[in-house]
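Peer 1: Residue numbers (this note's numbering): 45 to 252.
Built from N, CA and C at the ideal position, the CB exists for glycine as well.
Just so it is clear, the structure is predicted and the values come from calculations on it, not from any experiment.
Right, I'll just put the structure down here and ask away after.
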């Protein structure tokens with residue numbers, strides 16, 4: 045049983061965790077995600093490390109722009125290529141599955157993409173699971189344009205969007221691999237550069 049992270053709770057509910065342990069469940073997998081609290085941020089640059097600010101500005105000065113996009117097919121090609129090259133794996137969803145979900149919930153699944161000379165070079169597929177959290181479910185970039193630092197601009201844009209629309213957190217997802225047995229240090233540091241901090245995701249098991 046995989047628990048919903050506490051940042052998604054609108055009211056404390058640790059009775060569930062207690063009950064699972066009380067009846068013999070034990071934590072089997074512990075993963076670490078990164079999230080940024082938004083409610084008290086007045087200036088996002090005060091949360092960001094200098095390197096993150098510098099890279100965001102580099103994207104802006106290079107002519108990269110971020111906007112909401114409907115070109116899910118182009119994003120999916122980039123995502124699959126990225127995952128195969130880096131991790132020899134595929135996305136959790138197939139393209140047809142994610143297309144079906146976006147058709148069912150058009151206001152709850154949003155694609156924010158970075159473009160350079162009208163070409164999509166990075167993007168984040170955001171799941172709006174409730175009115176508290178922007179969940180970055182899929183994140184990727186075209187490695188040929190990594191030097192332009194497009195994801196820095198995408199993340200900065202999402203933070204500002206979350207603040208403007210009254211969300212409590214941006215959740216950038218896990219930075220652990222192999223069911224929490226390894227930490228992707230580079231990915232974690234990248235997310236921390238925007239002010240993000242660790243959020244535990246636990247999975248409980250009961251052996252019958």
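Rounded to whole angstroms, what is the Cα-Cα separation between residue 175 and residue 81?
Peer 2: Taking the first residue of the chain shown as position 1, residue 175 is located at position 131. Taking the first residue of the chain shown as position 1, residue 81 is located at position 37. Using only the alpha carbons, I get a separation of about 14 Å.
Peer 1: Ignoring anything shorter than 3 residues or poking outside the stretch 135-202, list the beta strand (DSSP E) runs there in chain order.
Peer 2: 153-160, 163-172, 177-185
Peer 1: To which residues of the same chain is residue 64 closer than 6 Å at the C-beta, ignoring the five residues directly before and after it?
Peer 2: Locating residue 64 in the chain shown gives position 20, counting from the first residue. Correct list, in chain order: 248.
Peer 1: Between which two residues does the alpha helix (DSSP H) holding residue 62 run?
Peer 2: The residue given as residue 62 occupies position 18 in the chain shown. First-last of the alpha helix (DSSP H) with residue 62: 59-66.
Peer 1: In the DSSP assignment, find the beta strand (DSSP E) that holds residue 217 and state where it starts and stops.
Peer 2: The residue labelled residue 217 in the question sits at position 173 within the chain shown. Where residue 217 is concerned, the enclosing beta strand (DSSP E) stretches over 213-218.
Peer 1: Indicate whether residue 123 and residue 184 have their beta-carbon atoms separated by less than 9 Å.
Peer 2: Residue 123 sits at position 79 when you count from the first residue of the chain shown. Residue 184 sits at position 140 when you count from the first residue of the chain shown. In this structure, residue 184 lies closer than 9 Å to residue 123 by Cβ.
Peer 1: How many Å lie between residue 109 and residue 158 at the Cα?
Peer 2: The count along the chain shown starts at 1 and reaches residue 109 at position 65. The count along the chain shown starts at 1 and reaches residue 158 at position 114. Answer to the nearest angstrom: the Cα atoms are 6 Å apart.
Peer 1: Residues bridged to residue 227 by DSSP?
Peer 2: Along the chain shown, one-based indexing puts residue 227 at 183. Per DSSP, 220.
Peer 1: Give the list of continuous alpha helix (DSSP H) stretches no shorter than 4 residues that lie fully inside the stretch 94-119.
Peer 2: 94-105
Peer 1: Go ahead and pull the three-state DSSP assignment for residue 54.
Peer 2: Your numbering for residue 54 matches position 10 in the chain shown. In this structure, residue 54 counts as coil in the three-state DSSP scheme.
Peer 1: Within 10 angstroms of its Cβ, does residue 182 collect 16 or more other Cβ (buried), or is it exposed?
Peer 2: Start at 1 with the first residue of the chain shown, and residue 182 comes out as number 138. Residue 182 should be labelled buried.
Peer 1: Would you mind sorting residue 48 into buried or exposed? The rule is 16 or more other CB atoms within 10 Å of its CB.
Peer 2: Looking up residue 48 in the chain shown gives position 4. With fewer than 16 Cβ atoms within 10 Å of its Cβ, residue 48 is classed as exposed.
Peer 1: Please classify residue 206: does DSSP put it in a helix, a strand, or coil?
Peer 2: The residue given as residue 206 occupies position 162 in the chain shown. Residue 206: helix per DSSP, three-state reduction.
Peer 1: Using the Cβ count rule (16 or more neighbours within 10 Å means buried), how would you classify residue 241?
Peer 2: Locating residue 241 in the chain shown gives position 197, where the first residue counts as 1. With fewer than 16 other Cβ atoms within 10 Å, it is exposed.
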